[in-house]
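Residue numbers (the UniProt record's numbering): 1 to 312.
As C-alpha cells, then:
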C-alpha cells in the first residue's frame with residue numbers, strides 16, 4: 001500500500017529531528033497524536049503551530065473546509081494528547097479557547113500567519129484555536145528520580161493531585177466570575193461550565209481511569225500473589241476504585257452537556273470526588289509503598305532464556 005502524504009511527512013519529521021522539506025520546509029510544524037473519539041485508536045497528524053505569549057497553539061482550519069478536522073473532534077472526546085516538537089515529545093491537554101479569548105488569540109495568530117485569516121473567509125464555521133497545555137506539578141513535588149515502583153506510584157499520585165487542584169481552582173474562578181457578572185448592574189450569568197474546565201476535568205478523569213484499570217488488571221494481582229499479607233488492603237483499594245469510578249462517571253456525564261451543565265451540581269460532585277480520591281491515595285501510599293519500594297522501575301528486561309553460560 002502506498003504511503004499517504006501525511007505519513008510520509010510524519011516519517012520525515014521523526015527521521016530528521018522535526019525538520020521536513022516540501023511544502024512545509026522552513027515552517028513551524030509539530031506532530032499531534034490524538035485518541036479517536038469513536039475508535040479509541042491513536043491518530044497522528046502533522047500540523048502547523050503558532051506561539052502567542054508563551055502559548056502553543058494549533059488551529060482547526062482544515063484549509064477552510066466546511067467541517068472541523070477529525071483531530072479536533074478527537075481531542076474534544078480525549079483531551080490528553082501527545083505532541084512531538086522538534087526532538088522533544090510530551091503529553092499535553094488540548095483546550096480550545098472560547099469567546100473573546102479565542103477571538104483575541106486568533107487575531108494574534110493571523111497577524112503572524114495571515115493564511116489562517118484567509119481560511120476563515122472560506123467557511124462559515126469559527127476556526128477553533130486550541131491551546132496545547134503541558135500539565136505539570138510544582139517544583140519540589142513528587143519523588144524526583146524514579147527508580148522504584150514506589151517512586152512511580154508517587155509520581156502518578158502527585159500528578160493526579162495537582163490536576164485535581166487545578167480543576168478545583170478553575171471551578172472557583174468560574175464561580176467568582178459568575179458572581180461578578182450577576183451584580184446589581186451585571187447581566188445574568190451564562191449557564192454551563194466552559195471548555196477549559198471540561199477539558200481539564202475530562203483529562204484528569206480519563207487519566208485516573210487508566211491508572212486504576214492498570215492497577216486492578218496488573219499491579220494488584222501481582223502483589224496479591226507475592227505478598228498475601230496485603231490481601232485486606234488490596235480488597236479495600238479495589239472497593240475504593242469502584243466508588244471513585246462511580247463518582248468519576250457522574251462527573252463525566254455532567255460534562256457531556258458543555259453549555260447546559262449545572263455549575264453548582266458540578267462543584268458539589270467535584271468536591272465529593274476530591275474527598276474520596278484524596279483519602280484513597282493516602283491509604284494506598286500508606287499500605288503499598290513499603291513493598292513497592294523494593295521493586296525496581298522500570299523493570300529490568302527478562303534474561304535471555306537461551307543465553308549460554310561461559311566457563312573458563
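The C-beta atom is built at its ideal place from N, Cα and C for all residues, glycine as well.
Practice item. Excluding the 5 residues preceding and the 5 following residue 224 in the sequence, name in chain order all residues of the same chain whose CB lies nearer than 8 angstroms to its CB. Key: Locating residue 224 in the chain shown gives position 224, counting from the first residue. Hits under 8 angstroms: 230, 231, 234.
Point to revise | Burial state of residue 237 (16 or more Cβ within 10 Å) | key: Mapped onto the chain shown, residue 237 falls at position 237. Residue 237 should be labelled buried.
Exercise for review: Consult DSSP for residue 79 and reduce its assignment to one of helix, strand or coil.
Suggested key: Reading the chain shown from its first residue, position 79 is the one you call residue 79. In the structure shown, residue 79 sits in coil (DSSP, three-state: anything other than H, G, I, E or B).
Point to revise | Rounded Cβ spacing between residue 105 and residue 57 (contact assumed at less than 8 angstroms) | key: Reading the chain shown from its first residue, position 105 is the one you call residue 105. Reading the chain shown from its first residue, position 57 is the one you call residue 57. Right, the Cβ-Cβ distance comes to about 6 angstroms (below 8 angstroms), so this counts as a contact.
Review point. Tell me which same chain residues have a C-beta within less than 7 angstroms of the C-beta of residue 167, skipping the five on either side of it?
Key: On the chain shown, residue 167 is found 167 positions in, with the first residue counted as 1. If you ignore the 5 residues before and after residue 167, its C-beta comes within less than 7 angstroms of the C-beta of 197, 200, 201, 204, 270, all in its own chain and listed in chain order.
Exercise for review: Could you check the C-alpha separation between residue 112 and residue 85 for me, to the nearest Å?
Suggested key: In the chain shown, residue 112 corresponds to position 112, counting from 1. In the chain shown, residue 85 corresponds to position 85, counting from 1. Between residue 112 and residue 85, the C-alpha separation is close to 19 angstroms.
Practice item. Let me know if residue 309 comes out buried or exposed under the rule of 16 or more other beta-carbons within 10 Å of its beta-carbon. Key: Taking the chain shown and counting its residues from 1, the one referred to as residue 309 is at position 309. Only weak support exists for where residue 309 lies, its pLDDT of 42 falling under 50; the value from the coordinates is given anyway. So residue 309 ends up on the exposed side.
**Study point:** For residue 92: DSSP bridge partner residues
**Key:** Within the chain shown, the letter at position 92 stands for residue 92. Partner(s): 81.
Practice item. Just mark residue 279 as buried or exposed, buried being the case when its beta carbon has 16 or more other beta carbons within 10 Å. Key: The sequence position of residue 279 within the chain shown is 279, counting from 1. Label assigned to residue 279: exposed.
Practice item. Give the DSSP-derived three-state secondary structure of residue 133 in the structure shown. Key: Numbered from its first residue, the chain shown carries residue 133 at position 133. Strand.
Review point. Whose C-beta lies closer than 8 angstroms to the C-beta of residue 66 among residues of the same chain, with five residues either side of it excluded?
Key: Numbered from 1 along the chain shown, position 66 holds the residue referred to as residue 66. Taken in chain order, the residues that qualify are 123, 124, 125.
Check your understanding: Could you give the distance in angstroms between the alpha-carbon of residue 247 and the alpha-carbon of residue 268?
Key -> Walking along the chain shown from the start, residue 247 turns up at place 247. Walking along the chain shown from the start, residue 268 turns up at place 268. If you take the alpha carbons of residue 247 and residue 268, they lie about 11 angstroms apart.
Review point. Below 8 angstroms, can you find three or more Cβ-Cβ pairs linking the segment 70-82 to the segment 18-29?
Key: no
Practice item. Would you decide whether residue 218 is buried or exposed? Buried here means 16 or more other CB atoms lie within 10 Å of its CB. Key: Start at 1 with the first residue of the chain shown, and residue 218 comes out as number 218. Exposed: under 16 other Cβ atoms inside 10 Å.
Practice item. Would you identify the three-state DSSP class for residue 296, choosing helix, strand or coil? Key: The sequence position of residue 296 within the chain shown is 296, counting from 1. Of the three classes helix, strand and coil, the one that applies to residue 296 here is strand, per DSSP.
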